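A.B. asks: For the sequence shown, the positions run 5 to 179 when the working numbering is used.
Note that CB positions come from ideal geometry on N, CA and C, so glycine has one too.
Computed from a predicted structure; not experimentally measured.
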Amino acid sequence: MAHVVLRSIMVMRFVGLTIIAPLAACYSPDLGDCTVACVRSADCIAGQVCGEGAFCAAPGVSCAVVSDADVDVDVQSNGDVDALPVDAPPPGQLEVEITDRGRVVIDGVGTCDPEAAEQCRFSAPRGVPLTLRAIPYPGRRFDKWDSSACGGQGPTCHLTLTLPVTEVHARFHKD
5 MAHVVLRSIM VMRFVGLTII APLAACYSPD LGDCTVACVR SADCIAGQVC
55 GEGAFCAAPG VSCAVVSDAD VDVDVQSNGD VDALPVDAPP PGQLEVEITD
105 RGRVVIDGVG TCDPEAAEQC RFSAPRGVPL TLRAIPYPGR RFDKWDSSAC
155 GGQGPTCHLT LTLPVTEVHA RFHKD
């Protein structure tokens, strides 16, 4: 059972914008370290303290802190908020091509399904590991990745974007 705690206010500063709001935290027993902002240890679940950077974490765990002056915030059209350090490299482009019938799911980024969209180009942060899963349509099976980024891997490809544009090609064929 989760419960909500309202004890203090939270101040967020984003590129010239300051938001002041009540601090509400929703807890569950499996809540991880560094996921809830806090003002004092009473704001954290049992076994966690309000530590470095004003995040709840187990004693001795250090939460990485990026000051608000070093963060660039981008609000996406779907309401998601991306916050990247200003000195982070610009996002890379992942271009997916598919031969025959199947789709490629990029975990946390999107899905390339040629039957649903003609173009399969995605923006993703460089330097962050991505997982691509090639999923064949009924009556088909995954053959191989035809690209150096995923070459030699099975239907699940693990890659990290390092270039401005990375191309992957998934090949499927009839059973």
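#1: Leaving out five residues before and five after residue 132 in sequence, what residues of the same chain have Cβ atoms less than 6 Å from its Cβ?
#2: Using only CA atoms, which one of 102, 128, 53, 135 lies nearest to residue 95?
#3: How should residue 166 be labelled, buried or exposed, when 16 other C-beta atoms within 10 angstroms of its C-beta is the threshold for buried?
#4: Which of the three DSSP states is assigned to residue 152 in this structure?
#5: Since I believe residue 144 is in contact with residue 104 (beta carbons under 8 Å), could you give me their beta-carbon distance rounded to a whole number of angstroms?
#6: What number of angstroms, rounded off, separates the C-alpha of residue 126 from the C-alpha of residue 138?
#7: Consult DSSP for residue 47 and reduce its assignment to one of helix, strand or coil.
#8: Just to confirm, are residue 135 and residue 160 a CB contact at a threshold of 8 Å?
#9: Shortest alpha-carbon distance to residue 162 belongs to which of 168, 179, 153, 170?
C.D. replies: Taking the definition as stated:
#1: By 1-based counting over the sequence shown, the position of residue 132 is 128. Hits under 6 Å: none found.
#2: Here residue 95 refers to the residue found at position 91 when the sequence shown is read from its first residue. The residue with the shortest Cα to Cα distance from residue 95 is 128.
#3: If you number the sequence shown from 1, residue 166 lands on position 162. Exposed, by the Cβ-count rule.
#4: Taking the sequence shown and counting its residues from 1, the one referred to as residue 152 is at position 148. Correct three-state label for residue 152: coil.
#5: Looking up residue 104 in the sequence shown gives position 100. Looking up residue 144 in the sequence shown gives position 140. Correct: roughly 6 Å between the Cβ atoms.
#6: To locate residue 126, count along the sequence shown from 1; it is residue 122. To locate residue 138, count along the sequence shown from 1; it is residue 134. For the pair residue 126 and residue 138, the Cα-to-Cα distance works out to about 16 Å.
#7: Working through the sequence shown from its first residue, we reach residue 47 at position 43. Here residue 47 sits in helix by DSSP.
#8: Within the sequence shown, residue 135 is the residue found at index 131, counting from 1. Within the sequence shown, residue 160 is the residue found at index 156, counting from 1. Cβ atoms of residue 135 and residue 160: closer than 8 Å.
#9: The sequence position of residue 162 within the sequence shown is 158, counting from 1. Among 168, 179, 153, 170, the Cα nearest to that of residue 162 is on 153.
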